[in-house]
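A quick write-up on the structure given underneath.
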Amino acid sequence: MIRFHNVAKTFRRARVLDGIDLEIGLGERVALIGSNGAGKTTLIRCLLGEYTHDGSVTIEGQSPRSERTTVLGKIGFVPQLPPPLRMPVGQLIHFSASLCRSDPQRILDLAKRLGLDVDSVMSRQFVRLSGGMKQKLLIAIALGRSARVLVLDEPAANLDPEARKIFFELLAERAESATMLISSHRLNEVSTLVNRVVELDMGKVVLDDRVADDVSLTGKLDCRISVKRPEPAFAKAMASWNFTDLGDGLDWTGKVAGPDRLRFMGMASRYVAVIDHISLTEVEG
Amino acid sequence: MKQLWLTAKLDIVESLRARWFQIYTLVFGGIVALLFLFGLTESRVLGFIGLSRLLVTYIQLTMAILPIFVLITTVRSVAGDREAGVFEYLLSLPVSLAAWFWGKILGRYIVIFVPVFAAMLGAVLYAVVAGIEVPWGMFGYYTALLAVMAACFLGIGMLISAVARSTDVAQGAAFLVWLTLLLFLDLILLGVMIQGKVAPEVAVTIALANPLQVFRTAALALFDPQLIVLGPSAFVILDLFGALGYKIFALAYPAAIGVGAATLGYFLFRRGDLP
């Protein structure tokens with residue numbers, strides 16, 4: 001599906017990618033991790049045909065550089081930082097849909113599923129949307145076409161828990177038909193989304209590990225959590241996860257998306273001094 | 001073709017919302033409004049001369065402002081878009097590099113030419129309504145000169161944008177190009193000639209290689225066909241081209257520079273890193 005063969009990239013004298021060899025098959029969900037400057041973004045840009053490089057990059061045997069339109073028609077990309085586009089949301093949707101020969105309605109439906117009230121922002125400039133709204137729209141554009149490869153750079157960083165849950169469901173729907181490359185600084189952000197981890201350091205692959213596919217992308221966990229005393233900060237955090245207060249801010253219940261469990265536990269760990277009881281039970285697989 | 005037009009439309013929409021475009025439109029609209037005021041006052045006394053003088057003054061001012069405006073805004077927005085990640089995202093979509101680059105040029109050309117032309121057209125329409133005689137030949141040739149001037153400096157701007165990797169470098173290079181062209185206008189060359197260091201033919205050739213000088217001379221030629229104000233240089237120019245030949249040269253040569261620079265810019269853009 002995707003093949004990097006001895007890919008190297010040098011900026012002036014700095015070697016950012018140093019002989020990358022990787023093969024990624026259909027249906028693989030790869031976490032591309034590494035610290036700043038490890039070469040993740042450069043590798044993604046080589047995959048998108050945006051950088052010239054030594055070695056070769058192919059997707060289904062075709063080069064994203066010399067056969068751009070064919071290859072990029074198969075790729076859905078969500079950047080880490082949304083571009084500061086001044087065009088209205090409606091035009092961005094139509095522009096992308098026209099180039100990708102997809103139905104704009106599909107993008108609109110996905111954006112609505114992610115919780116974006118598209119109708120109210122259609123004429124608003126993209127750059128004026130909030131970070132979360134931009135992220136939802138870019139995800140909807142990337143998923144709103146029949147992409148065989150999804151390249152996602154910190155895709156869920158700006159999403160609220162509810163949107164993250166739906167985002168995981170959307171990825172699950174594409175799990176069999178698409179290959180995913182998800183870039184992140186931190187493994188815990190994406191570990192539950194992927195079945196393979198590739199770590200880059202100084203432009204080289206230092207870890208390539210296939211991981212057990214235990215966590216279903218669509219799985220949900222019933223959660224119940226109690227605290228010793230009401231805490232406004234804790235209550236606010238619970239509300240952001242759409243938890244329900246069962247009485248006086250002491251007992252809370254709600255659902256957590258399976259792939260989000262680490263993130264949820266990370267949030268809960270901040271209140272460990274006041275937590276009295278916590279339980280997570282898998283309810284859907 | 002569809003991709004080209006989509007990219008052009010995208011650039012037009014982006015530009016229409018940019019501050020530089022608002023200032024740009026205001027500057028040229030403002031110039032005509034101010035000049036028209038003077039031209040109109042004069043035309044009550046001198047008839048059609050009022051509009052002719054307005055057009056002459058307008059094109060002289062446009063020649064001073066438009067090149068630097070086009071160069072700076074083009075390199076700023078193209079290099080700025082590249083730095084801000086706009087290229088990274090939009091070039092991840094399945095658009096061919098030719099459609100992207102030429103579509104961007106087409107969109108930008110429309111955006112920079114339309115306000116300059118609209119301002120002049122507005123003046124002419126007003127003259128028609130007010131019953132002032134319109135020098136149509138002059139209007140037509142000036143329109144062609146403006147169109148070519150915009151193409152010439154847009155092409156140079158796109159070449160600089162393709163080469164420069166940052167907004168600062170691109171702006172600096174654009175300013176340097178403009179300054180060099182400005183320094184080689186005829187006054188400096190005449191100075192050099194006076195010192196006897198350069199043969200007059202060489203000085204005139206260098207002057208004619210400068211698109212700014214070409215526009216300036218062409219604009220002069222319309223109301224001074226013998227180019228008397230240029231002095232001895234006029235003999236060289238008219239001997240070489242003839243009056244009609246020079247008018248054609250003044251359109252063809254800068255257009256060739258613009259298209260040539262844009263084509264070179266396209267090949268450099270296609271060959272290098274995109275974002």
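Protein sequences appear in the order of chains A and B.
Mapping of the first sequence onto UniProt numbering: position 47 corresponds to residue 47, and the numbering continues sequentially without gaps.
Mapping of the second sequence onto UniProt numbering: position 102 corresponds to residue 102, and the numbering continues sequentially without gaps.
Ideal Cβ placement from N, Cα and C applies to all residues, glycine included.
All values derive from a computational prediction rather than experimental measurement.
Practice task
Report the three-state DSSP secondary structure of TRP252 of chain A (helix, strand or coil).
Solution key: In the structure shown, TRP252 of chain A adopts extended strand secondary structure according to DSSP, grouped into three states.
Problem - Cβ neighbour criterion (16 or more within 10 Å) applied to PHE168 of chain A - result: buried
Problem - Contact the segment 266-285 of chain A vs the segment 74-83 of chain B: 3+ CB pairs below 8 Å - result: In this structure the segment 266-285 of chain A does not touch the segment 74-83 of chain B; the number of beta carbon pairs closer than 8 Å is below three.
Handout entry: Interface flag, PRO225 of chain B vs chain A, CB-CB below 8 Å
Key = no
Problem - For MET223 of chain A, the residue or residues it bridges with in DSSP - result: Inspection of the sequence shows that residue 223 of chain A is occupied by Cys rather than by Met. Looking at the DSSP assignment, CYS223 of chain A forms a beta bridge with A:GLY254, A:LEU280.
Practice task
Consider the Cβ of PHE95 of chain A: report whether some Cβ of chain B lies at a distance smaller than 8 Å.
Solution key: yes
Practice task
Determine the chain A residues that contact ALA84 of chain B at a beta-carbon separation under 7 Å, and present them in chain order.
Solution key: PRO83, PRO84
Practice task
Would you check if the distance between the CB atom of ILE31 of chain B and the CB atom of VAL111 of chain B is smaller than 8 Å?
Solution key: no
Handout entry: Per-residue DSSP class, three states only, for PHE167 of chain A
Key = helix
Practice task
Determine, using beta carbons only, whether SER123 of chain A comes closer than 8 Å to chain B.
Solution key: no
Handout entry: Proximal residues of chain A, C-beta to C-beta of ALA18 of chain B below 9 Å
Key = One finds ARG86 in chain A with Cβ atoms closer than 9 Å to the Cβ of ALA18 of chain B, taken in chain order.
Practice task
Pair every Cβ in the segment 157-168 of chain A with every Cβ in the segment 111-118 of chain A, then say whether three or more of these pairs are closer than 8 Å.
Solution key: yes
Practice task
Could you check the C-alpha separation between LEU179 of chain B and LEU212 of chain B for me, to the nearest Å?
Solution key: 11 Å
Practice task
Please classify GLN135 of chain A: is it buried, with 16 or more other beta-carbons within 10 angstroms of its beta-carbon, or exposed?
Solution key: buried
Handout entry: 7 Å Cβ cut-off: residues of chain B touching LEU150 of chain A
Key = Neighbours of LEU150 of chain A on chain B: none; closest Cβ ~12 Å, over 7 Å.
Handout entry: Where PRO232 of chain A sits in the DSSP three-state scheme
Key = helix
Practice task
Grab me the residues of GLY144 of chain A's own chain with a C-beta within less than 7 Å of its C-beta, minus the 5 sequence neighbours each way, in chain order.
Solution key: SER102, ARG106, ILE107, LEU110
Practice task
Spell out the partners DSSP gives GLN125 of chain A in its beta bridges.
Solution key: A:PRO88
Problem - chain B within 8 Å of THR179 of chain A, Cβ atoms only - result: no
Problem - N-terminal and C-terminal residue of the alpha helix (DSSP H) that GLU88 of chain B is part of - result: 86-90
Handout entry: Contact under 8 Å by Cβ, LEU61 of chain B with PHE113 of chain B
Key = no
Practice task
Using 10 angstroms around the beta-carbon of GLY265 of chain B, count the other beta-carbons present and answer buried if the total reaches 16, otherwise exposed.
Solution key: Within a 10 Å sphere around the beta-carbon of GLY265 of chain B sit 16 or more other beta-carbons, which makes this residue buried.
Handout entry: Proximal residues to VAL45 of chain B (C-beta, below 7 Å), its chain only, five neighbours per side dropped
Key = The pLDDT assigned to VAL45 of chain B is 43, lower than 50, so where the model puts this residue is not dependable, and the model offers no usable value.
Exercise for the section: Say whether chain B places a C-beta atom closer than 8 Å to the C-beta of THR69 of chain A. Expected result: yes
Practice task
Report the three-state DSSP secondary structure of LYS9 of chain B (helix, strand or coil).
Solution key: helix
Practice task
In the DSSP assignment, find the unbroken alpha helix (DSSP H) run with SER269 of chain A in it and report its ends.
Solution key: 261-269
Practice task
For GLN62 of chain A, decide whether its Cβ has a neighbour in chain B, counting only Cβ atoms nearer than 8 Å.
Solution key: no
Practice task
Kindly list, in the order they appear in chain B, the residues whose Cβ is closer than 7 Å to that of PRO79 of chain A.
Solution key: GLY85, GLU88, TYR89
Handout entry: Stretch pair the segment 36-43 of chain A + the segment 220-234 of chain A: three plus CB contacts closer than 8 Å
Key = Cβ pair count under 8 Å is below three, so no.
Problem - HIS94 of chain A - DSSP class collapsed to helix/strand/coil - result: Note: HIS94 of chain A maps to helix in three-state DSSP.
Problem - Validate contact between the segment 87-102 of chain B and the segment 63-70 of chain A using beta carbons, cut 8 Å, 3 pairs - result: Note that the segment 87-102 of chain B touches the segment 63-70 of chain A; at least 3 beta-carbon pairs, one per stretch, sit closer than 8 Å.
Handout entry: Within chain A, the residues that GLY272 of chain B reaches when beta carbons sit closer than 7 Å
Key = THR52
Handout entry: Contacts of LEU48 of chain A in chain B (Cβ-Cβ under 7 Å)
Key = SER92
Problem - Neighbourhood of PRO161 of chain A by C-beta, 7 Å cutoff - its chain only, sequence neighbours within 5 removed - result: If we look at PRO161 of chain A and ignore the five residues flanking it on each side, its Cβ neighbours are SER240, TRP241, ASN242, ASP260.
Handout entry: Check whether ILE237 of chain B and LEU227 of chain B have beta carbons under 8 Å apart
Key = Yes; because the gap between Cβ atoms is below 8 Å, this pair is in contact.
Handout entry: SER166 of chain B burial status per 10 Å Cβ neighbour count (16 or more: buried)
Key = exposed
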